[in-house]
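Numbering (the working numbering), first residue to last: 67 to 420.
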């Protein structure tokens with residue numbers, strides 16, 4: 067069963083306990099460390115799938131056809147804040163692939179970034195589909211449909227050629243057959259994928275070290291992972307773990323969270339870390355439970371130094387405050403990964419792979 071991962075205490079008394087499962091997996095398939103039962107725990111990847119959903123753009127030639135830059139790929143693989151820098155790039159990409167706003171089937175919501183949402187409201191403007199955190203992913207799907215010369219209007223359908231290519235990519239990186247991947251519908255209307263937490267971590271490990279994969283996957287993976295690591299602000303934005311972790315990692319990490327308590331990190335050299343919070347807590351600020359968990363795991367594995375930990379402290383040990391700003395409690399990790407392989411050496415020893 068899932069294990070206690072994070073406690074939330076107020077004035078010294080625990081008022082909430084978040085359980086979940088964690089897997090640390092090498093690109094060769096070894097389970098290096100774990101908490102709970104990640105080989106049995108099945109979860110939808112939600113937006114943590116976006117890097118793999120973006121990969122067919124690269125290996126199909128669609129990214130080259132439409133002139134996608136590394137910055138563009140970072141946006142497509144991310145869940146952006148809806149800040150002006152994100153919306154402007156998404157708008158330019160949409161025009162470049164020959165589509166209009168009406169072609170985006172992701173739906174509309176206000177910017178995830180509170181300042182951008184407030185600015186929009188002050189301007190008396192309504193959010194558009196471009197503000198949707200998934201708009202980059204959907205533009206990528208439209209671009210792939212155009213490259214394949216197939217119908218763009220039905221690109222969200224599970225049996226559409228775009229979605230079939232994405233499922234094939236998921237299967238290659240997890241080593242699973244298509245009938246072993248659970249399919250659901252994500253919040254933005256496209257298919258989402260369900261596997262064990264172990265297979266989720268395995269996919270991120272292989273994204274970072276794809277030497278054991280066949281072409282075209284082997285060559286495409288570093289293009290996508292490097293785009294994310296080098297342009298982390300376009301993956302998420304202000305006040306987001308994915309952006310800040312990749313920024314302090316300076317090319318070492320690729321981080322991607324998903325809804326309902328999913329958080330993943332891939333490390334250069336071929337290690338994947340995946341966490342699923344059982345109660346689905348995404349956590350409005352300040353308690354982002356998935357962030358607390360993966361940062362504790364990286365710290366225990368010796369993959370975050372003191373300087374990086376200090377920069378990420380507000381994610382790793384968030385403080386509970388009153389409306390007036392007084393500190394009244396905190397959230398903190400309560401798990402130990404236990405006996406584990408030498409992940410520090412594994413993360414650096416094969417850095418040339420992939």
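All C-beta atoms, glycine included, are put in the ideal place defined by N, C-alpha and C.
Separation of residue 129 from residue 123, as counted between CA atoms: 5 angstroms
Contact with chain B by residue 303, beta-carbon distance below 8 angstroms: Reference to chain B is not applicable here, since this structure consists of a single protein chain.
Residue 107 vs residue 263 beta-carbon contact at 8 angstroms: yes
Where residue 326 falls: helix, strand or coil (DSSP): coil
Among 131, 121, 126, nearest to residue 19 - alpha-carbon criterion: Nothing can be reported for residue 19, as the shown portion of the chain is limited to 67 through 420.
Pick from 318, 218, 324 that is closest to residue 334, judged by C-alpha positions: 318
The region 142-151 / the region 175-184 touching (three or more Cβ pairs under 8 angstroms): yes
Identity of the residues DSSP links to residue 393 by a beta bridge: 387
Close beta carbons around residue 304, own chain, < 8 angstroms, minus the five adjacent residues each side: 147, 149, 179, 181
Environment of residue 77 [buried if 16+ CB atoms lie within 10 Å]: exposed
Opening and closing residue of the beta strand (DSSP E) in which residue 116 lies: Not the beta strand (DSSP E): residue 116 falls in the alpha helix (DSSP H), residues 116-126.
Continuous beta strand (DSSP E) stretch holding residue 262: start and end: 257-262
Helix, strand or coil at residue 92 according to DSSP, with G and I counted as helix: strand
Euclidean distance between Cα positions of residue 367 and residue 99: 9 angstroms
Three-state secondary structure assigned by DSSP to residue 346: coil
Three-state secondary structure (DSSP) of residue 105: coil
Inter-residue spacing [alpha-carbon to alpha-carbon] between residue 277 and residue 269: 13 angstroms
At least 3 beta-carbon pairs within less than 8 angstroms: the region 157-176 vs the region 211-218: yes
Local conformation of residue 317 per DSSP, three classes: coil
Pairwise C-alpha distance: residue 329 and residue 310: 14 angstroms
Host beta strand (DSSP E) of residue 73 (start-end): 69-76
Neighbour-count burial assignment, residue 399, 16 or more Cβ in a 10 Å radius: buried
C-alpha distance - residue 233 paired with residue 296, whole-angstrom precision: 26 angstroms
Three-state secondary structure (DSSP) of residue 182: helix
Cβ neighbour criterion (16 or more within 10 Å) applied to residue 86: buried
Residue 240 classed as buried or exposed, judged by whether at least 16 other C-beta atoms fall within 10 angstroms: buried
Buried versus exposed call for residue 74 [16 or more other C-beta atoms within 10 Å across all chains shown]: buried
Assigned secondary structure, residue 246 (DSSP; H/G/I helix, E/B strand, else coil): helix
Expected contact under 8 angstroms - CB spacing of residue 325 and residue 308 to nearest Å: Incorrect: roughly 13 angstroms between the Cβ atoms, too far for contact.
Minimum C-alpha distance to residue 95 - residue among 72, 199, 282, 275: 275
Per-residue DSSP class, three states only, for residue 421: Given a span of 67 to 420 for the chain in the structure shown, any question on residue 421 remains unanswerable.
Cα-Cα separation, residue 105 to residue 90: 11 angstroms
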